[in-house]
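Numbering-wise, the numbering used here puts 151 at position 140 of the sequence shown, and it's gapless, one number per residue.
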Amino acid sequence: MKKITFPILIVLFSNIGNAQKYSSQRPYLRDVFEVFDYVHRTLYDDDAKTCEKKIMQILSNEYFTSEDRKTMNQKGENLLGYIMAVKSSNEGYDFQYCFIPLEKLQTENTYSWYNKNTSRTSTLYAKMENSTMRIISLDLVMEGKIDEREKLIKSSCTQTTIGAIVRGKRIGLSEQKYDQPVLAYHNESDYWQEATYLGKSEDGYYMVEYPNKVKMKATQIVPIDISPGDLAYFLQDNELKRVVIAGVENTFISLAANNLNMVVSRRDLYFKINTYEAIDTESQLFISN
Numbered sequence: 012m013k014k015i016t017f018p019i020l021i022v023l024f025s026n027i028g029n030a031q032k033y034s035s036q037r038p039y040l041r042d043v044f045e046v047f048d049y050v051h052r053t054l055y056d057d058d059a060k061t062c063e064k065k066i067m068q069i070l071s072n073e074y075f076t077s078e079d080r081k082t083m084n085q086k087g088e089n090l091l092g093y094i095m096a097v098k099s100s101n102e103g104y105d106f107q108y109c110f111i112p113l114e115k116l117q118t119e120n121t122y123s124w125y126n127k128n129t130s131r132t133s134t135l136y137a138k139m140e141n142s143t144m145r146i147i148s149l150d151l152v153m154e155g156k157i158d159e160r161e162k163l164i165k166s167s168c169t170q171t172t173i174g175a176i177v178r179g180k181r182i183g184l185s186e187q188k189y190d191q192p193v194l195a196y197h198n199e200s201d202y203w204q205e206a207t208y209l210g211k212s213e214d215g216y217y218m219v220e221y222p223n224k225v226k227m228k229a230t231q232i233v234p235i236d237i238s239p240g241d242l243a244y245f246l247q248d249n250e251l252k253r254v255v256i257a258g259v260e261n262t263f264i265s266l267a268a269n270n271l272n273m274v275v276s277r278r279d280l281y282f283k284i285n286t287y288e289a290i291d292t293e294s295q296l297f298i299s300n
């Protein structure tokens with residue numbers, strides 16, 4: 012496992028990864044959520060010319076006349092024209108969808124998300140081609156009825172998370188109480204870590220305090236639900252070691268791994284959470300890297 016130094020190198024690696032993922036040159040997308048994120052960002056923020064270029068980069072090979080991907084076939088031109096019509100329309104995509112939209116469904120190859128008032132759903136389907144995920148189909152659904160569009164004007168965007176995840180199920184966070192422990196997603200490191208919930212900020216994010224007393228905004232938090240058999244990461248000798256949780260006793264966790272059997276504070280553990288599952292799945296909450 013690669014050695015890292017906290018927190019400086021984690022920030023560095025994260026910035027490099029994000030720059031590559033959102034580059035308009037040769038984006039490397041690892042899963043369907045990253046494809047959605049790439050499409051959503053460029054539709055929301057970029058000018059039409061940049062958006063068109065970025066979308067072309069992640070369309071499947073089946074939309075081009077040859078393997079060099081220089082010339083689009085009729086099917087590709089139709090799809091790209093449809094996407095750009097949505098991009099350039101009045102009261103279009105950035106009007107009808109939130110910057111952090113509510114997820115409806117996510118599977119290995121499919122991602123669906125709601126518009127502002129959940130009256131319409133857009134869906135994309137992607138698959139792996141040449142070591143990167145690319146779009147097979149993209150259905151951007153826009154609200155056309157005048158009365159429904161007026162409702163969108165009154166709809167606010169306060170959603171900052173796809174929802175809390177407990178043993179594979181996403182639930183609301185309305186009952187989360189002040190000063191209670193949660194797992195908070197750290198964008199720069201791409202890991203989750205135990206933190207204390209301090210409430211919501213004015214812009215809709217979650218205010219948390221990490222074990223090192225640093226207070227930060229988090230885009231996602233989940234109630235803590237750790238069970239024996241879950242995977243975690245423990246920092247030892249400046250290296251994150253993957254471990255298996257053997258037992259849970261209040262604030263202490265017993266670990267089991269190669270040459271590593273010990274009891275540690277749960278606040279010293281980092282996690283990867285499986286957010287790439289359908290909402291009704293019963294899959295395990297914590298996964299390996």
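Glycine included, C-beta positions come from ideal geometry on N, C-alpha and C.
In whole angstroms, what separates the C-alpha of residue i from that of residue j?
{"i": "PHE106", "j": "GLN191", "result": "36 Å"}
{"i": "TYR104", "j": "VAL225", "result": "37 Å"}
{"i": "VAL97", "j": "THR230", "result": "28 Å"}
{"i": "ILE284", "j": "ILE66", "result": "28 Å"}
{"i": "GLN247", "j": "ALA195", "result": "21 Å"}
{"i": "LEU251", "j": "GLU161", "result": "51 Å"}
{"i": "PHE75", "j": "ASN120", "result": "21 Å"}
{"i": "MET139", "j": "TYR202", "result": "24 Å"}
{"i": "ASP241", "j": "VAL255", "result": "6 Å"}
{"i": "ARG278", "j": "ASN101", "result": "49 Å"}
{"i": "ALA59", "j": "SER99", "result": "7 Å"}
{"i": "TYR189", "j": "ASP57", "result": "38 Å"}
{"i": "LYS81", "j": "LEU149", "result": "20 Å"}
{"i": "GLN68", "j": "GLY210", "result": "40 Å"}
{"i": "LYS228", "j": "GLN187", "result": "16 Å"}
{"i": "LYS64", "j": "GLU73", "result": "17 Å"}
{"i": "SER123", "j": "GLU114", "result": "6 Å"}
{"i": "TYR281", "j": "ILE237", "result": "12 Å"}
{"i": "PRO234", "j": "LEU91", "result": "41 Å"}
{"i": "ALA257", "j": "PRO239", "result": "5 Å"}
{"i": "ASN249", "j": "ARG41", "result": "27 Å"}
{"i": "SER118", "j": "VAL152", "result": "Note on identity: in this sequence residue 118 is Thr, with Ser being the wrong assignment. The alpha-carbon atoms of THR118 and VAL152 are separated by roughly 19 Å."}
{"i": "ILE173", "j": "VAL219", "result": "A caution first: ILE173 carries a pLDDT of 46, below 50, which makes its placement in the model unreliable, though a value can still be read off. Between ILE173 and VAL219, the C-alpha separation is close to 17 Å."}
{"i": "GLU260", "j": "SER212", "result": "32 Å"}
{"i": "GLN170", "j": "GLU154", "result": "With a pLDDT of only 44 at GLN170, under 50, the local geometry of the prediction cannot be trusted, and no value is derived from it."}
{"i": "MET273", "j": "LEU163", "result": "54 Å"}
{"i": "ASN223", "j": "SER200", "result": "15 Å"}
{"i": "LYS156", "j": "CYS62", "result": "26 Å"}
{"i": "ILE21", "j": "MET83", "result": "In this prediction, ILE21 scores a pLDDT of 32, lower than 50, which makes its location untrustworthy; the coordinate-derived value is nonetheless stated afterwards. Computed Cα separation, rounded: 39 Å."}
Shortest alpha-carbon distance to residue i belongs to which of the options?
{"i": "LEU54", "options": "PRO112, GLU250, GLU73, PHE282", "result": "PRO112"}
{"i": "THR207", "options": "TYR125, ARG253, VAL193", "result": "VAL193"}
{"i": "GLU78", "options": "LYS188, ASP150, ASN141", "result": "ASN141"}
{"i": "ASN198", "options": "LYS188, SER212, ILE232", "result": "ILE232"}
{"i": "ARG253", "options": "TYR244, GLU260, ALA59", "result": "TYR244"}
{"i": "ASN126", "options": "HIS51, MET144, ALA59", "result": "HIS51"}
{"i": "ILE94", "options": "LEU280, ASN72, SER133, GLU114", "result": "SER133"}
{"i": "ASN128", "options": "ALA257, GLU260, GLU159, GLY155", "result": "GLU159"}
Starting from residue i, follow the beta strand (DSSP E) in both directions and report where the run begins and ends.
{"i": "THR129", "result": "Counting along the chain, THR129 falls outside any beta strand (DSSP E), and DSSP gives it neither H nor E."}
{"i": "ILE232", "result": "232-234"}
{"i": "LEU251", "result": "250-260"}
{"i": "TYR208", "result": "202-211"}
{"i": "VAL152", "result": "Segment: none, VAL152 is in no beta strand (DSSP E) and carries neither H nor E."}
Which first and last residues belong to the alpha helix (DSSP H) in which residue i is found?
{"i": "ILE66", "result": "59-68"}
{"i": "TYR104", "result": "104-107"}
{"i": "LEU90", "result": "85-99"}
{"i": "ARG52", "result": "43-56"}
Report, in whole angstroms, the separation of the C-beta atoms of residue i and residue j, which I expect to be a contact under 8 Å.
{"i": "TYR221", "j": "GLN204", "result": "6 Å"}
{"i": "VAL46", "j": "LEU116", "result": "No, VAL46 and LEU116 are not in contact; Cβ-Cβ is about 14 Å, not under 8 Å."}
{"i": "LEU70", "j": "ARG145", "result": "6 Å"}
{"i": "VAL43", "j": "ALA137", "result": "5 Å"}
{"i": "THR6", "j": "TYR39", "result": "Here the chain covers residues 12 to 300 and nothing more, so residue 6 does not appear."}
Is any beta-carbon of chain C found at less than 8 Å from that of residue i?
{"i": "SER123", "result": "Considering every chain present, this structure includes no chain C. It has just one protein chain."}
Can you find a heavy atom of the ligand PLP that lies under 7 Å from the Cβ of residue i?
{"i": "LYS228", "result": "Among the ligands in the structure shown, none appear at all, so the ligand PLP cannot be discussed."}
Margin query: Assess contact between the segment 86-101 and the segment 109-128, defined as three or more Cβ pairs (one per stretch) separated by less than 8 Å. Is contact present?
Written below: Two segments are said to touch when three or more pairs of C-beta atoms, one from each, lie closer than 8 Å; by this definition the segment 86-101 does not touch the segment 109-128.
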